[in-house]
Amino acid sequence: MATQTDRLGGRTLRELLVDVRGGLPVHRPILVELDPSEGPFEARERTITVTQPLETIEAQGREYAGCRVRRLGAGGLPGPDEGPITLGRSRSCQVRIGDASVSKVHASIVRDVRSGQYLVFDEGSRNGTRLDGQPLPPRAPTALWSGAYLTLGRMAFVFLEPQALRTLARLA
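Set out below in structure tokens:
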């Protein structure tokens, strides 16, 4: 499988939100890359949902504003037969993470077509995958939600679904 180019081109969350507010369509979730020195990244009641009070979402948007973002999947609407999005150091991964603590193929994210929910799988990685600080069992599907901390090795990300991005963009 060919490596997918991330057309977000190293943008920060702030830059992406300005573009979304200006009309850039958002059909795919993103990962917001956090500074690993700020860890550990555990559940801190920061899950971003559209039902959460707007003040909380706005504060979280400010907290992550200068962080780089990575889109999961190609541009356009997700297709029903779309396979998993792989994350890791390998050139074959759709989301490449250049850190020695990340395995060649560390984890994958899929969207359940029936429920619309995103699932994350640890692909038997050397240093493990954590979701809100909790280790994931290898190769077992685990529900993923907007605002969740996803840690691969020592690299940490916040997962944001398109609806949460659009909400943050309205507040930007």
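Here this note's numbering is used: position 93 in the sequence shown is 96, and no number is missing along the way. The beta carbon of each residue, even a glycine, is placed where N, CA and C say it ideally should be. Bear in mind the structure is a predicted one, so any value in this text is a computation, not a measurement.
| Check | Outcome |
| --- | --- |
| Per DSSP, what kind of secondary structure is residue 22 in: helix, strand or coil? | helix |
| From the DSSP output, read off the bridge partner residues of residue 36. | 160 |
| Does DSSP put residue 16 in a helix, in a strand, or in coil? | helix |
| What three-state label does DSSP hand residue 171 in the structure shown? | helix |
| Relative to the alpha-carbon of residue 141, which residue among 167, 110, 150, 87 has its alpha-carbon at the smallest distance? | 110 |
| Span of the beta strand (DSSP E) holding residue 75? | Counting along the chain, residue 75 falls outside any beta strand (DSSP E), and DSSP gives it neither H nor E. |
| Let me check understanding here. Comparing Cα to Cα, which of 13, 34, 72, 65 lies closest to residue 123? | 34 |
| Tell me, to the nearest whole angstrom, how far the beta carbon of residue 114 is from that of residue 105; I am working on the premise that it is less than 8 angstroms. | Contact flag wrong, Cβ pair sits at about 22 angstroms. |
| What span of residues does the beta strand (DSSP E) with residue 114 cover, start to end? | 110 to 114 |
| Would you mind giving the Cβ-Cβ distance between residue 172 and residue 23, rounded to the nearest angstrom? I have them listed as a contact below 8 angstroms. | 4 angstroms |
| If you drop the 5 nearest sequence neighbours on each side, which residues of the same chain put their C-beta closer than 6 angstroms to that of residue 130? | 104, 156 |
| Name the two residues that bound the continuous beta strand (DSSP E) containing residue 123. | 121 to 125 |
| Does residue 94 come out as helix, strand or coil in the three-state DSSP assignment? | coil |
| Taking DSSP as the reference, what is the three-state secondary structure of residue 53? | Unreliable placement is indicated for residue 53, whose pLDDT of 47 sits below 50; the coordinate value is still reported in the next sentence. Residue 53 falls in the coil class under three-state DSSP. |
| What would DSSP say about residue 144, mapped onto helix, strand or coil? | coil |
| Any idea if residue 143 is buried or exposed, counting beta-carbon neighbours within 10 angstroms, 16 or more meaning buried? | exposed |
| Please state the DSSP three-state secondary structure of residue 87. | coil |
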